Amino acid sequence: MSYLVLARKSRPQTFDEVVGQKIIVRTLQNALAAGRVPHGLIFSGIRGTGKTTLARIMAKALNCEQGPTPTPCNTCSSCRDIGAGASVDLHEIDGASNRGIQEIRDLKENIRFMPTSARFKIIIIDEVHMLTSEAFNALLKTLEEPPDHVYFMFATTELHKVPVTILSRCQRYELQRVGRRELAAHYTRLAESEGITIEPAAVDLIVREAAGSVRDGLSLLDQVFSYCGDEVKAEEVAEVLGLVSDQVIADLGEALLAGDISRAMEQLNQVYGYGMNIKRFTSELLSWFRHLLFCCLNKEPGRLLDLPQEDIARFAEIAGKYPLPTVYGLFNILLEGLERANYSSQPRLAIEMAFIGAVQVGDVQPVSELLVRLDKIIAGAGQEIFMPSSSEPPRKKKVDQPAPGDISEKAQTEFQADPVKEQKTEQVQTAKKQTLAGKDAVAVTSDGPPSEEKVTNHAEKKLEPVQRTTMGLRDIKRRWPAFIDYVRDRKPWMAATLQKAVTVTLEN
1 MSYLVLARKS RPQTFDEVVG QKIIVRTLQN ALAAGRVPHG LIFSGIRGTG KTTLARIMAK
61 ALNCEQGPTP TPCNTCSSCR DIGAGASVDL HEIDGASNRG IQEIRDLKEN IRFMPTSARF
121 KIIIIDEVHM LTSEAFNALL KTLEEPPDHV YFMFATTELH KVPVTILSRC QRYELQRVGR
181 RELAAHYTRL AESEGITIEP AAVDLIVREA AGSVRDGLSL LDQVFSYCGD EVKAEEVAEV
241 LGLVSDQVIA DLGEALLAGD ISRAMEQLNQ VYGYGMNIKR FTSELLSWFR HLLFCCLNKE
301 PGRLLDLPQE DIARFAEIAG KYPLPTVYGL FNILLEGLER ANYSSQPRLA IEMAFIGAVQ
361 VGDVQPVSEL LVRLDKIIAG AGQEIFMPSS SEPPRKKKVD QPAPGDISEK AQTEFQADPV
421 KEQKTEQVQT AKKQTLAGKD AVAVTSDGPP SEEKVTNHAE KKLEPVQRTT MGLRDIKRRW
481 PAFIDYVRDR KPWMAATLQK AVTVTLEN
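Counted from 1, the sequence shown has number 384 at position 384 by this note's numbering; the numbering is strictly sequential.
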């Protein structure tokens, strides 16, 4: 006999052998035991989760010589014929190739007759959503009031395409993706039954690629067994399937978190050396950051992540090194940048630019905290305001020895050189006049002009109340673009937020 692939060789023959669908299995077994099996069943879910398999087991359970029973014997003639696909009373139809109204009319003519050898006639229509609307309409009346000797069982991967009139006449069973632990245990048992030793890390790689589909994983397992022989290692699995190992993805993620762009680029070169598909690589990297983010959010990430315990512990250790805002900010930038890489004519360049943008995040602080600090700065709370590195704080200029009538002009020049509150202008002008007219003005004697030291000290004393921290609302608005440029050089993500901010009022 020709070789049977694992997907066919390991197909479940009883309810107990079905992987990862405990709720549905229990419901069907209870219905069989209580004699409450409906004449219309529809199984939906992703590919390779057991929709058609459950329909065939139900056919066995209904037609078993010991039944109807929740535990078909697999030894009677009816069970053997159904298992071998030789039963004349089991009609399995492909909805994609028999989708017209004429095929449904022929089916309706056929089910009028009693079963030949079994107890019931079983009609299984796979990919039922492919039927035409006319075919569905022709099936409605028969499905609503079927003969007592007929059971309809439908399977579909796109339940939303099935008309509501059909759904309302059937019991619906939505099959779930199979969990990683269940898949890993199932594949390990199959490898042992084939006499092959497989590493747990190799099983994890296959499970990850299967993405909850039992059949997809079995196809990969067949390919790996053909390549590796009697002993399967993780490195060989990654090589034959064109995958990047978890360690490479983890090293790349940690390099980005640490801001080490050189190491990140080296890891990217290594990934390209494997010849990995760009979409698959970006998906793996984003999945790594998703797992890390969940470990930052939850003290018990095992409830949210279907991962081995050692992987969760490793993610938790990394999460303890970085605050949540940093991980979230970097993840958000990568999510946007890597999405562009999937549609770029130069995907590698797009990925490199995304990495460069991501490492600029640094230690992220909450915007609310930064706004509080900014409010304190504006209110003159004694903290320095962020200024562009190119702008220097105003310096006090030394006043040359002027004539008494020139002091006002010098002070005016000094005042205009330092941007301060415009509403204080009038007070400063008054102070300068008092400097000339009051008793404390610079003394001008008949012996000569006032000394340079007295004029300088007096001008500095009168201008002392005018400081940088006493800025007005108009000055803040005028300096706001320069402040944003300064922030953009250091925190690009924050500059985008501040760009949308509007200065409304100045308090205290």
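We treat Cβ as the ideally placed atom computed from N, Cα and C, and that holds for glycine. If you're wondering where the values come from, they're calculated on a predicted model, not measured in any experiment.
Could you name the residues of the same chain whose beta carbon sits closer than 7 angstroms to that of residue i, not counting the 5 residues immediately before and after it, in chain order?
i      : result
Ser213 : Ile46, Arg47, Gly48, Thr49
Val203 : Ala184, Tyr187, Thr188
Gln267 : Val248, Asp251, Leu252, Ala255
Ala341 : Ile278, Thr282, Pro347, Ala350, Ile351, Ala354
Ala61  : Leu32, Gly67, Pro68, Thr69, Pro70, Pro72
If you drop the 5 nearest sequence neighbours on each side, which residues of the same chain put their C-beta closer than 8 angstroms to that of residue i?
i      : result
Arg99  : Met130, Leu131, Thr132, Ala135
Leu4   : none
Asp306 : Gly179, Arg180, Arg181
Ile356 : Ile261
Gln309 : Gly302
Ala316 : Cys295, Pro301
Verify whether the separation of the beta carbon atoms of residue i and residue j is less than 8 angstroms.
i      : j      : result
Pro301 : Ile312 : yes
Glu330 : Ala358 : Strictly speaking, residue 330 in this sequence is Leu, with Glu absent from that position. Contact flag set, yes.
Ala138 : Arg112 : no
Glu231 : Thr197 : yes
Val533 : Ile124 : The structure shown does not extend to residue 533, since the chain spans only 1 to 508, so no value can be given for it.
Thr71  : Thr142 : no
Val244 : Glu284 : yes
Arg119 : Asn30  : no
Thr503 : Trp480 : yes
Pro68  : Leu32  : yes
Ile378 : Ile484 : no
Ala234 : Glu199 : yes
Leu286 : Leu241 : no
Tyr328 : Leu257 : no
Ala516 : Arg215 : No answer is possible for residue 516: the residues shown for the chain start at 1 and end at 508.
Assuming residue i and residue j form a contact by the criterion Cβ under 8 angstroms, report the distance between their Cβ atoms to the nearest whole angstrom.
i      : j      : result
Met153 : Leu41  : 5 angstroms
Ala155 : Phe43  : 5 angstroms
Thr52  : Asp126 : 6 angstroms
Val128 : Val164 : That pair is no contact at about 14 angstroms.
Tell me which same chain residues have a C-beta within less than 6 angstroms of the C-beta of residue i, skipping the five on either side of it?
i      : result
Val88  : Thr116
Gly565 : Given a span of 1 to 508 for the chain in the structure shown, any question on residue 565 remains unanswerable.
Phe289 : Phe331
Pro38  : Gln171
Pro12  : Val18, Thr53
Asp440 : No answer about Asp440 holds up, because its pLDDT of 44 lies below 50 and its placement is not dependable.
Tyr227 : Val240
Pro492 : Gln360
Ile101 : Glu134, Ala135, Ala138
Lys461 : Confidence is the limiting factor: at Lys461 the pLDDT is only 44, short of 50, which leaves the residue's position unreliable, though a coordinate-based value still follows. Correct list: empty, nothing qualifies.
How about residue i: is its C-beta nearer than 8 angstroms to some C-beta of chain B?
i      : result
Lys279 : Here there is only one protein chain, and chain B is not present.
Just list the alpha helix (DSSP H) runs in the segment 124 to 168, keeping only unbroken ones of 4 residues or longer that don't cross its boundaries, in chain order.
Entirely contained in the segment 124 to 168, the alpha helix (DSSP H) runs reaching 4 residues are, in chain order, 133 to 144, 164 to 167.
Counting only runs that start and end within the segment 294 to 363, where is the beta strand (DSSP E) found for 3 or more residues in a row?
If we require 3 residues or more, the segment 294 to 363 turns out to have no beta strand (DSSP E) run fully inside it.
Tell me the start and end of each unbroken alpha helix (DSSP H) in the segment 174 to 229 that is at least 4 residues and wholly inside, in chain order.
Runs of the alpha helix (DSSP H) inside the segment 174 to 229: 180 to 193, 200 to 210, 214 to 228.
Taking contact to mean at least 3 C-beta pairs separated by less than 8 angstroms, is the segment 18 to 31 in contact with the segment 72 to 89?
By the C-beta criterion, the segment 18 to 31 is judged not to be in contact with the segment 72 to 89, since fewer than 3 inter-stretch pairs fall below 8 angstroms.
Answer yes if the segment 214 to 221 comes into contact with the segment 54 to 68, meaning at least three C-beta pairs across the two stretches below 8 angstroms, and no otherwise.
Counting Cβ pairs under 8 angstroms, fewer than three are found: no touch.
Could you tell me whether the segment 93 to 107 touches the segment 188 to 197, where touching means 3 or more Cβ pairs closer than 8 angstroms?
With the cut-off at 8 angstroms, the segment 93 to 107 and the segment 188 to 197 do not touch.
Can you confirm whether the segment 250 to 264 touches the segment 272 to 281 when touching is taken to mean that 3 or more C-beta pairs between the two stretches lie within less than 8 angstroms?
Contact between the segment 272 to 281 and the segment 250 to 264 is absent, because fewer than three Cβ pairs lie under 8 angstroms.
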